[in-house]
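Q:
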Amino acid sequence: AYKRFSELLPKEERENACSARVPKSQILTLPELRANPFQHRICRVFSTSGDGDDSMSFEDFLDMLSVFSDSATSDVKSHYAFRIFDFDDDGTLDRKDLEKLVNCLTGQGEESRLSNAEMEQLIQNILEESDIDKDGTINLSEFQHVVSRSPDFARYGVLQ
Amino acid sequence: EETRGATPVDFLQQLPSYQSALRRRATAGTQERRSAPQDPAELRAAEGHGPQQEGDEVAARPAREHPLTIAEKRRLRYCQQADIKYLSGWKQWKRTSSKSLKKVLGEVKELSSYLELWRHDIHSIEGKFGTGIQSYFSFLRFLVLLNFIIFILMFSLVTLPSIISKYGMFNSSFAKIPPKNIEPHCTVYEPSGNKGLVYFYTYLKDLLSGTGFLEVTVLFYGYYTIDAEWISIQKYNLPLAYLLATFGYLALSLVWIIKRSVGGFKQNLVHNKDPFQSYCNKVFAGWDFCITDPNAARLKHRSLQYELQTDLEEERLKRKIADRTMKEKLRIYSLRIFINIIVIAVLSGCFYSIYRATVFSQENSNVSIRHDVRRDSANLLVQYLPSMVITLANFIAPQIFSFLIRFEDYSPAFEIRLTLMRCVFVRLANIGVLLFSLWSQISYCTTDKCNACGYNYELYPCWESEVGQEMYKLMIFDFIIILAVILFVDFPRKLLVTHCSCKPVQWCGLQEFGISDNVLEIIYGQTICWIGTFFSPLLPAIATIKYFIIFYIKKISLIHTRKPAARPIRASSSNFFFLVVLLIGLILAFIPLGISIAHIPSSKACGPFRNFDTSWAVVPHTIDGFPTGLRQVLYGIASEAFAVPFFMVICLIMFYFIALAGAHKRVVEQLREQLVMVRFDPLFCSPKV
Numbered sequence: 001a002y003k004r005f006s007e008l009l010p011k012e013e014r015e016n017a018c019s020a021r022v023p024k025s026q027i028l029t030l031p032e033l034r035a036n037p038f039q040h041r042i043c044r045v046f047s048t049s050g051d052g053d054d055s056m057s058f059e060d061f062l063d064m065l066s067v068f069s070d071s072a073t074s075d076v077k078s079h080y081a082f083r084i085f086d087f088d089d090d091g092t093l094d095r096k097d098l099e100k101l102v103n104c105l106t107g108q109g110e111e112s113r114l115s116n117a118e119m120e121q122l123i124q125n126i127l128e129e130s131d132i133d134k135d136g137t138i139n140l141s142e143f144q145h146v147v148s149r150s151p152d153f154a155r156y157g158v159l160q
Numbered sequence: 001e002e003t004r005g006a007t008p009v010d011f012l013q014q015l016p017s018y019q020s021a022l023r024r025r026a027t028a029g030t031q032e033r034r035s036a037p038q039d040p041a042e043l044r045a046a047e048g049h050g051p052q053q054e055g056d057e058v059a060a061r062p063a064r065e066h067p068l069t070i071a072e073k074r075r076l077r078y079c080q081q082a083d084i085k086y087l088s089g090w091k092q093w094k095r096t097s098s099k100s101l102k103k104v105l106g107e108v109k110e111l112s113s114y115l116e117l118w119r120h121d122i123h124s125i126e127g128k129f130g131t132g133i134q135s136y137f138s139f140l141r142f143l144v145l146l147n148f149i150i151f152i153l154m155f156s157l158v159t160l161p162s163i164i165s166k167y168g169m170f171n172s173s174f175a176k177i178p179p180k181n182i183e184p185h186c187t188v189y190e191p192s193g194n195k196g197l198v199y200f201y202t203y204l205k206d207l208l209s210g211t212g213f214l215e216v217t218v219l220f221y222g223y224y225t226i227d228a229e230w231i232s233i234q235k236y237n238l239p240l241a242y243l244l245a246t247f248g249y250l251a252l253s254l255v256w257i258i259k260r261s262v263g264g265f266k267q268n269l270v271h272n273k274d275p276f277q278s279y280c281n282k283v284f285a286g287w288d289f290c291i292t293d294p295n296a297a298r299l300k301h302r303s304l305q306y307e308l309q310t311d312l313e314e315e316r317l318k319r320k321i322a323d324r325t326m327k328e329k330l331r332i333y334s335l336r337i338f339i340n341i342i343v344i345a346v347l348s349g350c351f352y353s354i355y356r357a358t359v360f361s362q363e364n365s366n367v368s369i370r371h372d373v374r375r376d377s378a379n380l381l382v383q384y385l386p387s388m389v390i391t392l393a394n395f396i397a398p399q400i401f402s403f404l405i406r407f408e409d410y411s412p413a414f415e416i417r418l419t420l421m422r423c424v425f426v427r428l429a430n431i432g433v434l435l436f437s438l439w440s441q442i443s444y445c446t447t448d449k450c451n452a453c454g455y456n457y458e459l460y461p462c463w464e465s466e467v468g469q470e471m472y473k474l475m476i477f478d479f480i481i482i483l484a485v486i487l488f489v490d491f492p493r494k495l496l497v498t499h500c501s502c503k504p505v506q507w508c509g510l511q512e513f514g515i516s517d518n519v520l521e522i523i524y525g526q527t528i529c530w531i532g533t534f535f536s537p538l539l540p541a542i543a544t545i546k547y548f549i550i551f552y553i554k555k556i557s558l559i560h561t562r563k564p565a566a567r568p569i570r571a572s573s574s575n576f577f578f579l580v581v582l583l584i585g586l587i588l589a590f591i592p593l594g595i596s597i598a599h600i601p602s603s604k605a606c607g608p609f610r611n612f613d614t615s616w617a618v619v620p621h622t623i624d625g626f627p628t629g630l631r632q633v634l635y636g637i638a639s640e641a642f643a644v645p646f647f648m649v650i651c652l653i654m655f656y657f658i659a660l661a662g663a664h665k666r667v668v669e670q671l672r673e674q675l676v677m678v679r680f681d682p683l684f685c686s687p688k689v
């Protein structure tokens, strides 16, 4: 992992890779993240940089790898998945977050988006299924409850 | 926000699903209540609990399991280590030893995963093509292993002792038990292994059809002519071993498949019982994080969009169906009945043609012994006629079914399932019809002499070898067809599509990797192997080699000539579906084997069951040789006085579990209602901090 991290840095900074921070644009060149529609959210969630530029240090990089690995528990994975899906960082998944999530899944581009009626129907269904206290948003516990019974979550959320 | 999130957590933690997850985690070593510290405030709370853990006899959760950044995990680990000072020496030792044990187990697990066959290949397929296709290849790997284990079982219990005593190794000999009360004419059997000079062509023909020189080898039932053998001083009862090895491999397959499918069954049960999870599953767990290739990502986007749109459309369709008028319903039902009649007609057509082909092939091929001149003109085509007809039926019938189902106006998901079920039925029933027609030939008896033997001794002095040969031919032909389709259809198609840019060719395009078709293909092969192993003990070895080669060929064909499916089958449900169909194949294999072993008289001229009426008769014969007490017990277990109460007890246990499941469901409903009410109850809403 250290090797891959240091490859992302420009040549002159590779000696002290432990303390250097890699800018977001470099992180996004990783093959696993390149094709991922949630790449920006992943960088935002794992980055601990205070100035909001989403750069990642080596420790952030390790964090990211450990969460996505085989050996992370589903609690950890679902916790981070919730943070990744929470586009406005308010601690709950409301309708706008869900809408952005579905748009990410179906692809960029106008023709790949669902129509408004379909989106409404879909979000209605999702909230019906997972919003237990019927407040119109999904909080962390509801999300973890739903995801724990989802058979594909453990399979899909794993990087090599 | 935080506190409101806290109280529902308590209710959620009372749900049965959560409790069972807790229990599972408890057996893994920790018994602490799940706490998810979300920010430094909660972390401080966790730290504060440190000294209090002296009362607990449990190990703390490893820092790895907390969703925190590395810096915060370091702080947590420091606190945990500080706690250790508060504990007594015994508890300290327990904690450190459990930690190191967990570490060791983790490393052992990692090492053992390196031993897995084809781990890297399957991983790379998963990365490029998604988990649906990957599940096909791991299913193939499972079958390779299963067949290999079955082969080891049969070889060590049946073939090896025969070879040892035939060649007189280890000071062994065989005791020929003289046949009693058997008509002498039934025991005449002279298989013509190739004597004298023969053309090379004959060897090839024999290799492909299992006759000639192959018939007298260890491959077929007829080789095992030993009754009992003495290896040094120990007597080894070969007939009993043969029978028990057969039951053993069937039981082993059953147990292994059930074990593998239990996980998928639990999820499927949850999935179907509450029709609620499908949208959340697709949206929250829909993106496959293994995808690294932008093309694959584009396809995945498209497939997700397609899947979501189809599901929404299906929901709209369901609402429309619920609004149907009586007249429309009548029309649709009568149309469906009509189409089902057509389906049954197609099936009967297939079965009848297989029956006729088998009869024709048997009448015109050179059966191993005939009192007249051996017919050289009986060529390979006639031998393979049943296999060809079966393959043709397996190819045409699914096309017809998928054409017909469009008129039946079902919802799309049900359409797929019904077509698949019909295809499964066609494939497995075809084998049944073949065997049935073989048996009708074998037991066709008109003369008295024939009736004395119980089977047609003139044409089939060693009928088990005949059946074994048919199974062998089916397996070889299946393998040849798979190879031929890939070589002569897929690769030329790919060449055509890449080099020729005219419209119709481009419109045809590359074929998708049809997961269900491929899976049905290998399940069909596996059913043949299960049925055939009794008649031909080395068949599992052939099946292992066949599936081994098929893995590589399919992988190459997938990478070079296929485009990924537009409608991906979900991995979790497809795994369970494959195993269920495999189980159906296994249970269907029990029927012909049961009839052969227990009902049809075993051939008197060859095989280890020569001295018994049927193959099964060796078991009562052995039991009669047991001491009296044991014999009484065994007879008691097999009698009705035992079986009926046993059956009733099993029913009672089943009713208990059904009642328990119903009670759990009621609890879930009640808790869910409570959760909704809790939000508005002033008692529970504590003031925000």
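If you read the sequences in order, they're chains A and B.
For the first sequence, full-length UniProt numbering begins at 1 and goes up steadily by one.
For the second sequence, full-length UniProt numbering begins at 1 and goes up steadily by one.
Backbone N, C-alpha and C fix where the C-beta goes; we use that ideal spot for every residue, glycine too.
1) Find the residues of chain A that neighbour Gly286(B), judging by a C-beta separation of less than 7 Å, and give them in chain order.
2) Tell me Gln92(B)'s beta-bridge partners as DSSP assigns them.
3) Is the beta carbon of Arg356(B) within less than 7 Å of some heavy atom of the ligand GTP?
4) Going by beta carbon distance, what residues of the same chain come within less than 8 Å of Pro601(B), once the five residues before and after it are set aside?
5) In the DSSP output, what is Leu117(B) paired with across the bridge?
6) Could you check which residue in Phe407(B), Arg422(B), Val644(B) has the C-alpha nearest to that of Arg331(B)?
7) By the criterion of Cβ-Cβ separation under 7 Å, what are the contact partners of Asn125(A) in chain B?
8) Within the UniProt domain "TMC" (462-572) of chain B, note down every full alpha helix (DSSP H) run reaching 4 residues or more, in order along the chain.
9) Please report the distance separating the alpha-carbon of Asp70(A) from that of Arg302(B).
10) Out of Ala661(B), Lys604(B), Val580(B), Lys102(B), state which residue places its alpha-carbon closest to the alpha-carbon of Ser253(B).
11) For Asp88(A) and chain B, any beta-carbon pair shorter than 8 Å?
12) Could you spell out where the alpha helix (DSSP H) holding Tyr80(A) opens and where it closes?
13) List the DSSP bridge partners of Met56(A).
14) With DSSP as the reference, identify every bridge partner of Leu93(A), one or two as the case may be.
15) For chain A, is any of its Cβ atoms less than 8 Å away from the one on Gln31(B)?
16) Find out if the Cβ-Cβ distance for the pair Ala285(B), Val45(A) is shorter than 8 Å.
17) Going straight from the alpha carbon of Ala296(B) to that of Gly514(B), what length do you get?
18) Can you list the residues of chain B that Ser130(A) reaches, using a CB-CB cut of under 7 Å?
19) Assess, as a yes-or-no matter, whether the stretch 539-558 of chain B is touched by the stretch 591-609 of chain B under the definition of 3 or more beta carbon pairs within less than 8 Å.
20) Taking residue 693(B) as part of the alpha helix (DSSP H), name the residues at either end of that continuous run.
21) Compile a chain-ordered list of the residues in the stretch 27-44 of chain A whose CB is closer than 8 Å to at least one CB of chain B.
22) Between which residues of its own chain and Ala663(B) is the CB-CB distance below 8 Å, once the five residues before and five after are set aside?
23) Would a check of beta-carbon distances place Val146(A) closer than 8 Å to chain B?
24) Give the interface partners of Leu65(A) over in chain B, defined as CB-CB distance under 9 Å, in chain order.
25) Between the Cα of Lys73(B) and the Cα atoms of Ala81(A), Phe85(A), Glu59(A), which residue gives the shortest distance?
26) With a 10 Å radius around its C-beta and 16 neighbouring C-beta atoms as the bar for buried, classify Tyr524(B) as buried or exposed.
27) Nearest CA to the CA of Arg298(B): which residue from Glu118(A), Gly109(A), Asp133(A)?
28) Please tell me whether Leu43(B) has its Cβ less than 8 Å away from any Cβ of chain A.
29) So, using beta-carbon positions, are Leu418(B) and Tyr410(B) closer together than 8 Å?
30) Answer yes or no: does any C-beta atom of chain A fall closer than 8 Å to that of Glu54(B)?
31) Would you mind stating whether Lys473(B) and Ser353(B) have Cβ atoms separated by less than 8 Å?
32) Whole-angstrom Cβ separation of Phe534(B) and Leu593(B), contact assumed at under 8 Å?
33) Output the distance between the C-alpha atoms of Asp517(B) and Ser334(B), rounded to the nearest integer angstrom.
34) May I ask you to report which of helix, strand or coil DSSP gives Glu215(B)?
35) Is the separation between the beta-carbon of Ile84(A) and that of Arg21(A) shorter than 8 Å?
A: Walking through what the data contain:
1) What you label residue 286(B) is simply residue 286 of the second sequence in a count that begins at 1. Correct list: Leu105.
2) Stepping through the second sequence from its first residue, residue 92(B) is reached at position 92. Gln92(B) is not bridged to any residue.
3) This structure lacks the ligand GTP; in fact it carries no ligand of any kind.
4) Here the question's residue 601(B) lines up with position 601 in the second sequence. Taken in chain order, the residues that qualify are Cys453, Gly454, Tyr455, Asp613, Thr614.
5) The residue labelled residue 117(B) in the question sits at position 117 within the second sequence. Looking at the DSSP assignment, Leu117(B) forms no beta bridge with any residue, so it has no partner.
6) Taking the first residue of the second sequence as position 1, residue 331(B) is located at position 331. The candidate whose alpha carbon is nearest that of Arg331(B) is Phe407(B).
7) Along the first sequence, read from residue 1 onward, the residue named residue 125(A) stands at position 125. Ordered by position in chain B, the residues that pass the 7 Å Cβ test against Asn125(A) are Tyr279.
8) Whole alpha helix (DSSP H) segments, 4+ residues: 463-485, 491-499, 503-508, 515-533, 539-561.
9) As a first step, residue 70(A) must be located in the first sequence, where it is residue number 70. As a first step, residue 302(B) must be located in the second sequence, where it is residue number 302. Going from the Cα of Asp70(A) to the Cα of Arg302(B) covers about 27 Å.
10) Taking the first residue of the second sequence as 1, we reach residue 253(B) at position 253. For the residues Ala661(B), Lys604(B), Val580(B), Lys102(B), the minimum Cα distance to Ser253(B) belongs to Val580(B).
11) Position 88 of the first sequence, counted from the first residue, corresponds to residue 88(A). No, no contact with chain B.
12) By one-based count along the first sequence, residue 80(A) stands at place 80. 74-85 is the extent of the alpha helix (DSSP H) around Tyr80(A).
13) Here residue 56(A) is taken as the residue at index 56 of the first sequence, counted from 1. For Met56(A), the beta-bridge partners assigned by DSSP are Val22(A).
14) Start at 1 with the first residue of the first sequence, and residue 93(A) comes out as number 93. Per DSSP, Ile138(A).
15) Taking the first residue of the second sequence as 1, we reach residue 31(B) at position 31. Unreliable positioning characterises Gln31(B) in this predicted model, as indicated by a pLDDT of 32, which lies under 50. A coordinate reading is not provided.
16) The residue you call residue 285(B) lines up with position 285 of the second sequence. The residue you call residue 45(A) lines up with position 45 of the first sequence. Not closer than 8 Å, so no.
17) Counting from one through the second sequence, the residue named residue 296(B) turns up at place 296. Counting from one through the second sequence, the residue named residue 514(B) turns up at place 514. The alpha-carbon atoms of Ala296(B) and Gly514(B) are separated by roughly 17 Å.
18) Along the first sequence, read from residue 1 onward, the residue named residue 130(A) stands at position 130. Within 7 Å Cβ-Cβ: Cys280.
19) By the Cβ rule, the stretch 591-609 of chain B does not count as touching the stretch 539-558 of chain B, because fewer than three pairs are nearer than 8 Å.
20) No information on residue 693(B) is available, as it lies outside the stretch 1 to 689 that chain B covers here.
21) Pro31, Glu32, Arg34, Ala35, Asn36, Pro37, Phe38
22) Here the question's residue 663(B) lines up with position 663 in the second sequence. Residues of the same chain with a CB within less than 8 Å of the CB of Ala663(B), apart from the 5 flanking positions on each side, do not exist.
23) Reading the first sequence from its first residue, position 146 is the one you call residue 146(A). Closer than 8 Å to some Cβ of chain B, the Cβ of Val146(A) qualifies, so yes.
24) Numbered from 1 along the first sequence, position 65 holds the residue referred to as residue 65(A). The premise fails here: Leu65(A) is roughly 11 Å from chain B at the closest Cβ pair, so nothing lies under 9 Å.
25) As a first step, residue 73(B) is located in the second sequence; it is residue number 73 there, counting from the start. Answer by Cα proximity: Glu59(A).
26) Counting from 1 along the second sequence, the entry for residue 524(B) is found at position 524. Under this definition Tyr524(B) is a buried residue.
27) Locating residue 298(B) in the second sequence gives position 298, where the first residue counts as 1. The alpha carbon of Arg298(B) has as its nearest neighbour, out of Glu118(A), Gly109(A), Asp133(A), the alpha carbon of Gly109(A).
28) Numbered from its first residue, the second sequence carries residue 43(B) at position 43. In this prediction, Leu43(B) has a pLDDT of 38, which is less than 50 and means its spatial position is unreliable; nothing more can be read from the coordinates.
29) Residue numbering aside, residue 418(B) sits at position 418 when the second sequence is read from its first letter. Residue numbering aside, residue 410(B) sits at position 410 when the second sequence is read from its first letter. Against a cut-off of 8 Å, the Cβ pair of Tyr410(B) and Leu418(B) comes out as a contact.
30) Numbered from its first residue, the second sequence carries residue 54(B) at position 54. Because the pLDDT of Glu54(B) is 36, which lies under 50, any placement of that residue in the model is unreliable, and the question is left without a value.
31) For the purposes of this step, residue 473(B) is taken as the residue at position 473 of the second sequence. For the purposes of this step, residue 353(B) is taken as the residue at position 353 of the second sequence. No. Outside cutoff.
32) Start at 1 with the first residue of the second sequence, and residue 534(B) comes out as number 534. Start at 1 with the first residue of the second sequence, and residue 593(B) comes out as number 593. Rounded, the Cβ-Cβ distance is 6 Å, consistent with contact.
33) Reading the second sequence from its first residue, position 517 is the one you call residue 517(B). Reading the second sequence from its first residue, position 334 is the one you call residue 334(B). Near 30 Å, if we compare the C-alpha coordinates of Ser334(B) and Asp517(B).
34) Your numbering for residue 215(B) matches position 215 in the second sequence. The answer is coil: DSSP assigns Glu215(B) none of H, G, I, E or B.
35) Here residue 84(A) refers to the residue found at position 84 of the first sequence. Here residue 21(A) refers to the residue found at position 21 of the first sequence. The answer is no: Cβ separation not under 8 Å.
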